[in-house]
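A.B. asks: Read the sequence shown against the numbering used here and you will find it ends at 127, with the numbers running on by one and no gaps.
For reference, the structure I am asking about is given below.
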Amino acid sequence: MTLGTVVALMRGGVFQILLLASPILFTALVVGLVVAIIQATTSIQEQTLTFVPKILAILGVLALLSGWMFSSLRQYTISLFELIPQMVR
């Protein structure tokens, strides 16, 4: 196994993590920003108000995209297992 192979495996793993985590993080960012703007305009400064909408939005995104996330992770895992015989040489 060469250094290029290790770098390619690490790059693929980091890309897969970013691909799977980005919809959830983006949703939390947008919902947090919207709630913060609403809090600023209405002068409601309750700190726990942001958690419930974020949690509900994240659970909604997970419910909608869980099939795609699972298939993407499954394909990545299958490709890693297919590379095992080449890594042994």
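We put the beta carbon where it would ideally sit given N, CA and C, even for glycine.
#1: With H, G and I counted as helix, E and B as strand and the rest as coil, what does DSSP make of Thr79?
#2: So, helix, strand or coil for Glu120, using DSSP?
#3: Consult DSSP for Met48 and reduce its assignment to one of helix, strand or coil.
#4: Buried or exposed: where does Val69 fall if 16 or more other Cβ atoms within 10 Å of its Cβ makes it buried?
#5: Check whether the Cβ atoms of Leu111 and Leu58 sit closer than 8 angstroms, and answer yes or no.
#6: Taking Val72 as the reference, which of Pro61, Met125 and Thr88 has the closest Cα?
#7: By a C-beta neighbour count over all protein chains shown, 10 Å radius and 16 as the cutoff for buried, is Thr65 buried or exposed?
#8: Quick one: what's got a C-beta closer than 7 angstroms to Pro91's C-beta in the same chain, skipping five residues either side?
#9: When the Cα atoms are used, what is the spatial distance from Met125 to Ile116?
C.D. replies: In brief:
#1: Locating residue 79 in the sequence shown gives position 41, counting from the first residue. The DSSP-derived three-state label of Thr79 is helix.
#2: Within the sequence shown, numbered from 1, the residue matching residue 120 stands at position 82. DSSP places Glu120 in helix when its eight states are reduced to three.
#3: Working through the sequence shown from its first residue, we reach residue 48 at position 10. Here Met48 sits in helix by DSSP.
#4: Taking the first residue of the sequence shown as position 1, residue 69 is located at position 31. Flag for Val69 reads buried.
#5: The count along the sequence shown starts at 1 and reaches residue 111 at position 73. The count along the sequence shown starts at 1 and reaches residue 58 at position 20. Yes, Cβ-Cβ distance for Leu111 and Leu58 is below 8 angstroms.
#6: One-based indexing of the sequence shown puts residue 72 at position 34. Closest by alpha carbon: Thr88.
#7: Indexing the sequence shown from 1 puts residue 65 at position 27. Burial call: buried.
#8: Here residue 91 refers to the residue found at position 53 of the sequence shown. Around Pro91: Val69 and Val73.
#9: As a position in the sequence shown, residue 125 is number 87, starting the count at 1. As a position in the sequence shown, residue 116 is number 78, starting the count at 1. Cα to Cα, the separation comes out at about 15 angstroms.
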